[in-house]
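Peer 1:
Protein chains: 6
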Amino acid sequence: MKLISDRLKNGEKPIGTFLNLGSQTAAECVAIAGMDYFIVDLEHSPFGLAEAADCIRMAKLKGISPLIRIPEISRANILKHLDVGAEGIIIPGLKTREEAEKIVEYGKYTPLGSRGFCPTRVCEFGYGDAFANGILEYTRKTNEETMLIPQCETLECLADIENIVSVEGISGIFIGPFDLSLAMGIPAQFDRPEFKEAITKVLTVCHEKNKPVFIFAPNKETARLRLEQGFDSVTVNGDLNVMTEAYMEIVKSIRA
Amino acid sequence: MKLISDRLKNGEKPIGTFLNLGSQTAAECVAIAGMDYFIVDLEHSPFGLAEAADCIRMAKLKGISPLIRIPEISRANILKHLDVGAEGIIIPGLKTREEAEKIVEYGKYTPLGSRGFCPTRVCEFGYGDAFANGILEYTRKTNEETMLIPQCETLECLADIENIVSVEGISGIFIGPFDLSLAMGIPAQFDRPEFKEAITKVLTVCHEKNKPVFIFAPNKETARLRLEQGFDSVTVNGDLNVMTEAYMEIVKSIRA
Amino acid sequence: MKLISDRLKNGEKPIGTFLNLGSQTAAECVAIAGMDYFIVDLEHSPFGLAEAADCIRMAKLKGISPLIRIPEISRANILKHLDVGAEGIIIPGLKTREEAEKIVEYGKYTPLGSRGFCPTRVCEFGYGDAFANGILEYTRKTNEETMLIPQCETLECLADIENIVSVEGISGIFIGPFDLSLAMGIPAQFDRPEFKEAITKVLTVCHEKNKPVFIFAPNKETARLRLEQGFDSVTVNGDLNVMTEAYMEIVKSIRA
Amino acid sequence: MKLISDRLKNGEKPIGTFLNLGSQTAAECVAIAGMDYFIVDLEHSPFGLAEAADCIRMAKLKGISPLIRIPEISRANILKHLDVGAEGIIIPGLKTREEAEKIVEYGKYTPLGSRGFCPTRVCEFGYGDAFANGILEYTRKTNEETMLIPQCETLECLADIENIVSVEGISGIFIGPFDLSLAMGIPAQFDRPEFKEAITKVLTVCHEKNKPVFIFAPNKETARLRLEQGFDSVTVNGDLNVMTEAYMEIVKSIRA
Amino acid sequence: MKLISDRLKNGEKPIGTFLNLGSQTAAECVAIAGMDYFIVDLEHSPFGLAEAADCIRMAKLKGISPLIRIPEISRANILKHLDVGAEGIIIPGLKTREEAEKIVEYGKYTPLGSRGFCPTRVCEFGYGDAFANGILEYTRKTNEETMLIPQCETLECLADIENIVSVEGISGIFIGPFDLSLAMGIPAQFDRPEFKEAITKVLTVCHEKNKPVFIFAPNKETARLRLEQGFDSVTVNGDLNVMTEAYMEIVKSIRA
Amino acid sequence: MKLISDRLKNGEKPIGTFLNLGSQTAAECVAIAGMDYFIVDLEHSPFGLAEAADCIRMAKLKGISPLIRIPEISRANILKHLDVGAEGIIIPGLKTREEAEKIVEYGKYTPLGSRGFCPTRVCEFGYGDAFANGILEYTRKTNEETMLIPQCETLECLADIENIVSVEGISGIFIGPFDLSLAMGIPAQFDRPEFKEAITKVLTVCHEKNKPVFIFAPNKETARLRLEQGFDSVTVNGDLNVMTEAYMEIVKSIRA
Ligand SMILES: [Mg+2]
Ligand SMILES: [Mg+2]
Ligand SMILES: [Mg+2]
Ligand SMILES: [Mg+2]
Ligand SMILES: [Mg+2]
Ligand SMILES: [Mg+2]
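Chains as they are written, first to last, in full-length UniProt numbering: chain X, 1 to 256; chain U, 1 to 256; chain A, 1 to 256; chain L, 1 to 256; chain Z, 1 to 256; chain B, 1 to 256.
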């Protein structure tokens, strides 16, 4: 099974989607449909760790990469989801370099950070061959593969993006266009020049540092556009939206 | 809020869908998209009463009619879902008139059947005005509104359909085309003349008895066709299928 | 801790209540308030085995006797609740002696019935001293203590009550006054002479067989009355009703 | 359906209660009994977001206002409960103005704070008409309606109450009499002059700022008294206490 | 991944264990330890379908064969567990050939039985290549692989074993030594000649019909013995027992 | 029932284990096997408060002491687990004296800290005799019994151990050997002199302050060794490891 970090290194431009239903069957369907990854959204959803863990297990069964968007920076939010097998963590609302450093402290083993060590599900509780080359090699490889990706969606983050993305251990940036535009006082006006400049700035700065940039797209048309603009990955809509919109089309078509 | 039994009496041809995710958020989205009812599928899904009860509550909140497909005929399967507010029960695999009578025994109050009585959630635990006109008026009205709908999907049911649909308290018939075709030895060959004759027979017999006929349709095109053929309601696909097929389209479109 | 079967043998007239919230904290509160037993109502509630098991554990922790009202007669409904520690099973809607015999088959070990044997939680998984005197002594004692109590609430059961209560292994009768009156065509008219005769008949017949009779009472006044009438136990109202009625009083009092 | 913020503006003196059972059926019963709001207590209860979300949905179905007492100040505790539809947040243990400002940062959209934006259940996932007048009007109106209410129950908060309640975005104050008296070294001695002075101070300061004051009352007598004293709302006891106390009365009455 | 039916056909003598904790992590550990299959015990445990489904998914993720012991014969118990991916069903307490036929009716597709058809998780909801060779080939192959295994643990089953095991679609027999010995009046006296004759009879009759025989063994010594006696598979102890016994050894050793 | 704080005061050298399955049945088995306490591990496990609360209740039912390892320092993590009955809290990853003081603020009532007060399950919701001697006596006694135990597993904590263990209200220290060795750059090399010196330092410093020291041991041999070295308590392995290792032995033995 290919990790999302491998896909990005290979320049594959993986596509994914948000999971807001909190349903592992929905996670399974997203995998069956051919997506490369999903992001379980714990920021705006009425569920938490238990549902995320279910979706992560399903991801491993079906060969899709599981990422988790946590609701806030905390040791538990980062450590526990990595310990059940998330390949990466998306962090909303980040404002400062200090916060980025905290993320690395919680999410990377020594010497990059101080992630707590325990042989959990992610390494078959230590009974498989995860430690065949020693614990240090295991923690080194895990540090390399684990993706820690702050969202750029506040004015503070946008202003300090170069400093933030330079933190060792930060893997890339995810642009949240709605909150960013709201913070800029131009809600959902994605065609405004200042918004376009903002995302171009993020793209340029990150690519200089060799770090990938993700962005959300509400539909496939925008998704294609963003890929053409040079984004490394697009997260297209979310499970409940895709379903609702498809049903709207069915109702309209039958009632017509 | 309009009941599905009212819609059918008014000749409205309500449309619905199956819920196989077992997610009340999915139920909510189906309501938001404008469907008239959903059928929580407890026959082929890995969930049960708890999830069904969640979806029923969500239906009442959003003004969509909740139906439940139970996995087998039993007092608990019928009584407990009606007690939390299902407007009707779909019963798979029925073969005999005796089974139809059992359904009525469990699902209708005396004198039609012997449904157990208790002031539950469905009548505000008795504290609202449900019993304003006495218990007998309450049980009479409930008997009138509660829909008990066996599926016609076995050879035995098809052969004895007139006898089965004549049972007092049985509200109509739901045709399960896949299992029916499988039972006939022509799996999914819905254009075969013998299959067409079979569903015409069910339609004719039921309409003579003034009882509505529902049928499943895998997509909106078939749904429109079935409505033109005279079916009283079409259940279009299911939540997980609608979502998966929409994602397949997204993946194909972006990767093209 | 005193079993309910002991209390009844001692002539103690235990009082209990129904649990319809499905909440183990509610079960705990009922124990703290001093009730002798509760009946988890799986007949009319939107929950099942998991919640019942939680309430049973809480009962054992707090020293109150746990009974379960099952939604229908089946091996699983009887066996699984006894295996987690219910002291007895209340069975609704019974009509025939054959059904009573089935209950005993599922609920009592050989030679009375054929209850499946397994060292479960109820006997510390066999690691405690439950089998100190051998398995046969264990099954004998369990048979003696386990209460199997059908409800008398159908015309058929009322007519054949002597025959039904005579089945060896049936421990007593629980009168469900609402359904019984509904079946008699006099819903909730508990002062009608034919209703009074009916419950007197059940009392007389059961006491001749030395088997206790339980009855439901919607409030404490009726409860006291029933105890004076010779009932061996009264089940007073249910958790959600007691709570709702107390809140109604609070609202009325403050708004007055 | 009337919001609690509307009731307060209208000078209605809404009454509510705590939910400590974590049961949506209990929430339903509180609504049926006629309470204006409830506060799901996540501070001292063994449950969390999932149960709170269930109770919020039930509130919306039954037309009662749902508030949540969170266990501590954090972005997730505030954002996630608002995103599923809580009308307000009660915050225990507050000590400083800085904490009050943090609450506003997490709980109000820009420009008051920086609450993350996402079309969730609270606005029909964006498919209804919530955004008919634009996103800015939506966030403005939501900011106006959302109640952020710190508890005054520490010495620090009492001393700095004027400063704290002046923070823009803080909607009012909730007095926790037990913890406040404990902090003052006079546990549960509510008749002590220094305690009376303390609550008078809070009332006076808040009313000068036109912000409502809530207080907890353990029973209906105290509730009436507090309303007479000028409190804008009283939260009367909690679901498990009301139930336990009602059962105690039943047991006493029958055993007498 | 090898199916248990393949292992048995190859004469591999697979070993397994019971799962009584109802924990998918426990299921995972049993897989990691190298067992060939597990049997989720729904007969004597306080959990049900949801936990079984979790364990089945974990089995598929870890490459171990999932079997389910159901609490009683019913359409739902058989159909729903097969639909989420159980490779076989163990049925306790069977007495008659009629019951064996019912099991086949519910557990095998036409023409052997009348199992309801639906593209569920077990075939990737129909979106994979499960139906590449048509539905009939799919149902034929599924019928061939699905194991339906009654327990021999009643006197009636023992007496009629030849007739029972001859039912087409019944895959083999599982001997439950405790209940069988209890039924014979010699509880847990497995060295009695009449008990030895009984199990020899079952072995001989089944092997004549080319159907495998499973037996439970409480420990590894007995397990080895049973394999030497010619049993095709041994189910060794259960998860909670293995754990408890290991802890007993730890406590004894440290306290010594 | 003996509290763990009593056992330690008596010099009993209690032994315990970690719970990583999150299963209350596993908790029950650990009690049955004779352990003195368990630590529900919320740091590295995919579960949380709900499962911890279940295990705590089971502990009280079976007479074993429940401790909780929280994932990070926060008011909710400490308060809520104490409110449902945990006898103590283990805190991972501690670095500074300030953090130790925060733990006391959240976990001890005034005057030591400012733990929020509410009559919860731990004191029978105030209806028992917990407050017979007044609230102040209750909070004093609870402060005395509640164990707050930071882990020593970072270089910072090791360096400042004397300062940290001196905080009033901190009950003792738990050495996490794996993370400590990882932080020292010598992962799992417990025989290195610098590692031995480190744990000797912790032992000496804590014993001078009359505070007990716990340590983790992966097996019974190491456990005995640690007790001989003067540790006050050893936490031996965890439930899922004990089970997995026992199954590995079974598989090896049968396959041999
Ligand atoms: Mg955002
Ligand atoms: Mg079908
Ligand atoms: Mg009844
Ligand atoms: Mg407080
Ligand atoms: Mg058995
Ligand atoms: Mg550690």
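The C-beta atom is built at its ideal place from N, Cα and C for all residues, glycine as well.
Do you know how far the Cα of Leu148(L) is from the Cα of Glu72(L)?
Peer 2: Glu72(L) and Leu148(L): Cα-Cα distance of roughly 13 Å.
Peer 1: Let me know the beta strand (DSSP E) ranges lying completely inside the stretch 136-210 of chain Z, each 3 residues or longer, listed in chain order.
Peer 2: Entirely contained in the stretch 136-210 of chain Z, the beta strand (DSSP E) runs reaching 3 residues are, in chain order, 147-152 and 173-175.
Peer 1: Output, in chain order, the set of chain U residues within a Cβ distance shorter than 9 Å of Ile254(X).
Peer 2: Here the neighbours are Ile15, Lys220, Ala223, Arg224, Leu227, Val234 and Val236.
Peer 1: Taking the CB atoms as reference points, tell me whether Ala256(B) and Val234(B) lie closer together than 7 Å.
Peer 2: No; because the gap between Cβ atoms is not below 7 Å, this pair is not in contact.
Peer 1: Counting only the same chain and skipping the five closest in sequence on each side, list residues whose C-beta sits under 6 Å from that of Ile56(B).
Peer 2: Hits under 6 Å: Pro66, Val84, Gly85 and Ala86.
Peer 1: Give the straight-line distance between the Cα atoms of Arg192(L) and Tyr127(L), rounded to the nearest whole angstrom.
Peer 2: C-alpha separation (whole angstroms): 55 Å.
Peer 1: Could you work out which residues of chain X lie near Leu240(U), taking near to mean beta carbons separated by less than 8 Å?
Peer 2: Here the neighbours are Thr25, Ala26 and Cys29.
Peer 1: Going along the chain, which residues of the stretch 31-62 of chain B sit with their C-beta nearer than 7 Å to a C-beta in chain Z?
Peer 2: From the stretch 31-62 of chain B, only Ile32, Ala33, Gly34 and Met35 have a Cβ closer than 7 Å to chain Z.
Peer 1: Name the residue from Leu227(B), Asn219(B) and Glu228(B) whose alpha carbon lies nearest to the alpha carbon of Val236(B).
Peer 2: Cα-wise, what sits closest to Val236(B) is Asn219(B).
Peer 1: Would you identify the three-state DSSP class for Ile89(A), choosing helix, strand or coil?
Peer 2: The answer is strand: DSSP assigns Ile89(A) an E or B state.
Peer 1: Taking the beta strand (DSSP E) that Gly16(U) falls in, what are its first and last residues?
Peer 2: Note, Gly16(U): beta strand (DSSP E), Ile15 to Leu19.
Peer 1: Runs of 3 residues minimum, wholly inside the stretch 54-90 of chain A: which ones carry the beta strand (DSSP E) assignment?
Peer 2: Taking only runs of at least 3 residues, the beta strand (DSSP E) segments lying wholly in the stretch 54-90 of chain A are 65-69.
Peer 1: Do Gly48(Z) and ligand 1 come close, with the Cβ less than 6 Å from some heavy atom?
Peer 2: For ligand 1, not one heavy atom lies less than 6 Å from the Cβ of Gly48(Z).
Peer 1: By DSSP's criteria, Phe214(B) is part of a beta bridge. Which residues make up the other side?
Peer 2: Paired residue(s): Phe174(B) and Ser233(B).
Peer 1: By the 10 Å Cβ neighbour count, where 16 or more other Cβ atoms means buried, how is Asp129(U) classified, buried or exposed?
Peer 2: It counts as exposed.
Peer 1: Who are Phe38(Z)'s beta bridge partners in DSSP?
Peer 2: In DSSP, Phe38(Z) forms a bridge with Thr17(Z) and Pro66(Z).
Peer 1: Below 7 Å between beta carbons is the criterion; list the residues of the stretch 69-96 of chain Z that meet it against any residue of chain U, in chain order.
Peer 2: Here the close residues are Ser74, Arg75, Ala76, Leu79, Lys80, Asp83 and Val84.
Peer 1: How long is the line joining the alpha carbons of Leu79(B) and Glu99(B), rounded to whole angstroms?
Peer 2: Cα-Cα distance, rounded: 16 Å.
Peer 1: Can you tell me whether Gly238(U) is helix, strand or coil according to DSSP?
Peer 2: Three-state DSSP puts Gly238(U) in a strand.
Peer 1: Relative to ligand 4, is the shortest distance from any of its heavy atoms to the C-beta of Pro92(L) smaller than 6 Å?
Peer 2: Yes.
Peer 1: Measuring alpha carbon to alpha carbon, tell me which of Arg115(B), Tyr138(B), Phe231(B) and Gly113(B) ends up nearest Glu124(B).
Peer 2: Ranking Arg115(B), Tyr138(B), Phe231(B) and Gly113(B) by Cα distance to Glu124(B) puts Tyr138(B) first.
Peer 1: Which residues, in chain order, does the stretch 108-141 of chain L contribute to contact with chain U at a C-beta distance below 9 Å?
Peer 2: Taking 9 Å as the Cβ-Cβ cut-off against chain U, the residues of the stretch 108-141 of chain L that qualify are Arg121, Glu124, Phe125, Tyr127 and Gly128.
Peer 1: If the criterion is Cβ atoms closer than 7 Å, does the pair Ile68(U) and Val30(U) meet it?
Peer 2: No, the Cβ-Cβ distance between Ile68(U) and Val30(U) is not below 7 Å.
Peer 1: Could you give the DSSP three-state label for Tyr109(L): helix, strand or coil?
Peer 2: Note: Tyr109(L) maps to coil in three-state DSSP.
Peer 1: Does the count of Cβ pairs from the stretch 19-37 of chain L and the stretch 12-23 of chain X closer than 8 Å reach three?
Peer 2: No, the stretch 19-37 of chain L does not touch the stretch 12-23 of chain X.
Peer 1: Check the C-beta distance from Pro150(U) over to Ile103(U) and give it rounded, since I have them as a contact under 8 Å.
Peer 2: Right, their Cβ atoms sit about 7 Å apart.
Peer 1: Glu99(Z): beta carbon under 6 Å from a heavy atom of ligand 5?
Peer 2: False, no ligand heavy atom lies under 6 Å from that Cβ.
Peer 1: Tell me whether Tyr247(Z) sits in a helix, a strand or coil according to DSSP, three-state version.
Peer 2: Helix, per DSSP.
Peer 1: Going along the chain, which residues of its own chain have a beta-carbon closer than 8 Å to the beta-carbon of Leu112(A), five neighbours each way excluded?
Peer 2: Once the five neighbours on either side are set aside, the close Cβ partners of Leu112(A) are Val104, Asn143, Glu168 and Gly169.
Peer 1: Is Gly107(L) buried or exposed, if buried means 16 or more other CB atoms sit within 10 Å of its CB?
Peer 2: Buried, because 16 or more other Cβ atoms sit within 10 Å of the Cβ of Gly107(L).
Peer 1: State yes or no: is the beta carbon of Pro150(B) nearer than 7 Å to at least one beta carbon in chain X?
Peer 2: Closer than 7 Å: no.
Peer 1: Would a check of beta-carbon distances place Thr244(B) closer than 7 Å to chain Z?
Peer 2: Interface residue, yes.
Peer 1: Hey, would you say the C-beta of Gly172(A) is under 6 Å away from at least one heavy atom of ligand 2?
Peer 2: No, since every heavy atom of ligand 2 falls outside the 6 Å radius drawn around the Cβ of Gly172(A).
Peer 1: Can you list, in chain order, the residues of its chain whose CB lies under 8 Å from that of Ile161(X), leaving out five sequence neighbours each side?
Peer 2: Excluding positions up to five away in sequence, the list reads Cys152, Ile173, Lys201, Val202, Val205 and Cys206.
Peer 1: Where does Thr96(X) sit, in a helix, a strand or coil, going by DSSP?
Peer 2: In the structure shown, Thr96(X) sits in coil (DSSP, three-state: anything other than H, G, I, E or B).
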